[in-house]
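Residue numbers (the numbering used here): 1014 to 1623. We put the CB at the ideal spot given by N, CA and C, even for glycine. In what follows, a structure is listed as structure tokens, so that the remarks can point back to it.
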């Protein structure tokens, strides 16, 4: 009730500041349907002079407007269709729905837009039961009303209500709660008579049934005398003007009446906000169902006393609304309690999850570390494989260049002075350092033959650093290339570096190999107690010295770089790097011999099948 009073005050204040230049108003709603039936209602548009049906857009207000006015925008309200039509030169909006109405009342906000402005109005429709179910209720209410003594003799008793239900010219009609004069006049008007003429004639014949004898002040419970053609005493043009004048007077704040509309400010200041006020009844008798948000005024024009208030239909409708609101409140409280319970359950689960032991973290940490080392190992293997392929290609290019020169490697090693001079021109220290780095990579991956190849190539190119020579000597001994080690030590002695000669001799001694006395013509042989092995080495001494000048005897067989690429491709396949393996195998097919190409194609075929 307090909220209704607040809405009434707001509506009255808004109407006091209404602009006189409004061109449209929202009138009463004539309800033509009952409960459990599709909605059929007619909304009267007031002061619509100069506007066409196409100029007016009518519909439900937005969700924001409903919230501003404190009205719940129920889902079934979206099914209401508004159709603006011209009926007897008057603009009305037909309101219809496809689904039956299940609620005893409808509370909604209507928004009207036209080129000059915008208007909002809140309506509450009380939906009656079908006539067969309400006749007894109407009779009881009529008997209990204290207004019977004040009514003139032409008001019908409750027993006459059944005969007054038929609306026809010259007959009688008992005004019900949801009736409006527009609907009664549109049904009861004689032929060739406009609705405005019929409305004014009904007011003239039943002035006591209208508050201040205004067409908007129809009171419920009165028995109306309906006019005939002979009762029409005003022209259609004058009737329209008079109805417009009464509508304006009804909306005028100075008249003391309370308009049932709420004005809102449009967010765009460029649009004129001068909007018309809509009519509002002043008493419970004249209050149509679409004006329920306004507090009834029992002191103005109502023949009903305050003691009859509890039996009025308006009061019953308010009770129904209060009960519905209480049910909604209880349902919301239950939902809040249920949500509180769910939150407590979730909170307890969260606490249980946060207090679990951290044992899984300790167990999974080594897995993360092992995975990290696995990734690092794979990356290192990729780098080593790529480096091996590049070194193989470089060795192959160097071999081809050496073949074109036609010079034996033994001849290049015969003159250390010339070698030193060439090394100075090409920075031998840098080459020696790079060769040592490459050799260390090969040795780390178990390829001493390729390390020996890189070191011997650098030695032939003039890189004579102590580290490189000693590392090469170790590679020879690791692969049991004793003749190559003998030749290398002889070249070291020719260089005259005493420290290098001493360290080289120590390496040979630590490997179990001793140097034969000079002039014997014997090579370095491993220390052994087996007389048969000593005899074989002695017999092969002269032949070894004769072939020591050849490239193959000194440096061993060079590794084919294409074979290195095949090994690299297999490593890629083992690591799951199919793209890298495919690229390397493509190079093998392009550069290798028939056997290598066949093996590369077989690996590619296996890769495609997998």
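In the DSSP assignment, residue 1229 falls outside any alpha helix (DSSP H) and carries neither an H nor an E. Residue 1097 and residue 1067 have their C-alpha atoms some 8 angstroms from each other. The beta-bridge partner set that DSSP reports for residue 1589 is empty.
Where residue 1621 is concerned, the enclosing alpha helix (DSSP H) starts and stops at 1607-1622.
Taking residue 1189 as reference, the option from 1597, 1181, 1141 with the minimal CA-CA separation is 1141. The C-alpha of residue 1095 lies about 9 angstroms from the C-alpha of residue 1070. Ranked by how close their Cα comes to the Cα of residue 1508, the residues 1193, 1479, 1245, 1609 have 1479 in first place.
Residue 1497 counts as buried, since at least 16 other C-beta atoms from the protein chains shown sit within 10 angstroms of its C-beta. In the three-state reduction of the DSSP assignment, residue 1235 falls in the coil class. When only Cα atoms are considered, residue 1344 and residue 1114 end up about 22 angstroms apart. The criterion of a C-beta distance shorter than 7 angstroms is not satisfied by residue 1198 and residue 1182. In the DSSP assignment, residue 1083 falls outside any alpha helix (DSSP H) and carries neither an H nor an E. Counted as a single uninterrupted DSSP element, the beta strand (DSSP E) harbouring residue 1038 occupies residues 1038-1044.
Looking at 1336, 1486, 1494, 1607, the one whose alpha-carbon comes closest to that of residue 1502 is 1486.
It is roughly 28 angstroms from the alpha-carbon of residue 1448 to the alpha-carbon of residue 1587. C-alpha of residue 1575 to C-alpha of residue 1511: approximately 41 angstroms in a straight line. Only exposed fits residue 1592, as fewer than 16 other CB atoms lie within 10 angstroms of its CB. Taking the Cβ atoms as the reference, residue 1043 lies roughly 4 angstroms from residue 1055, within the contact range of under 8 angstroms.
The Cβ atoms of residue 1052 and residue 1109 lie closer than 7 angstroms to each other. Ranked by Cα distance from residue 1037, the options 1355, 1132, 1236 are led by 1132.
Pairing residue 1354 with residue 1117 gives a Cβ-Cβ distance that is not under 7 angstroms.
Residue 1106: member of the beta strand (DSSP E) spanning 1103-1113, first to last residue. Secondary structure note for residue 1054: its beta strand (DSSP E) is the uninterrupted segment 1051-1059. Residue 1479: member of the alpha helix (DSSP H) spanning 1479-1491, first to last residue.
With respect to the 7 angstroms criterion, residue 1214 and residue 1244 are classified as neighbours on the basis of their beta carbons.
With respect to residue 1464, residue 1452 sits close: the two C-beta atoms are nearer than 7 angstroms. When DSSP states are grouped into helix, strand and coil, residue 1599 belongs to the helix group. Shortest Cα-Cα distance from residue 1608 to any of 1623, 1519, 1579 involves 1579. Residue 1256 has its alpha-carbon roughly 17 angstroms from the corresponding atom of residue 1222.
Under the three-state reduction of DSSP, residue 1120 is assigned to strand. Within the DSSP bridge table, the entry for residue 1515 names no partner.
For residue 1131, the enclosing beta strand (DSSP E) stretches over residues 1130-1139. Restricting attention to 1457, 1613, 1477, 1488, the CA atom closest to the CA of residue 1514 is found in 1477. Here the alpha carbons of residue 1493 and residue 1524 stand approximately 10 angstroms from one another.
The alpha-carbon separation between residue 1483 and residue 1623 amounts to approximately 47 angstroms. Annotation: residue 1336 to residue 1233 spans about 24 angstroms, alpha carbon to alpha carbon.
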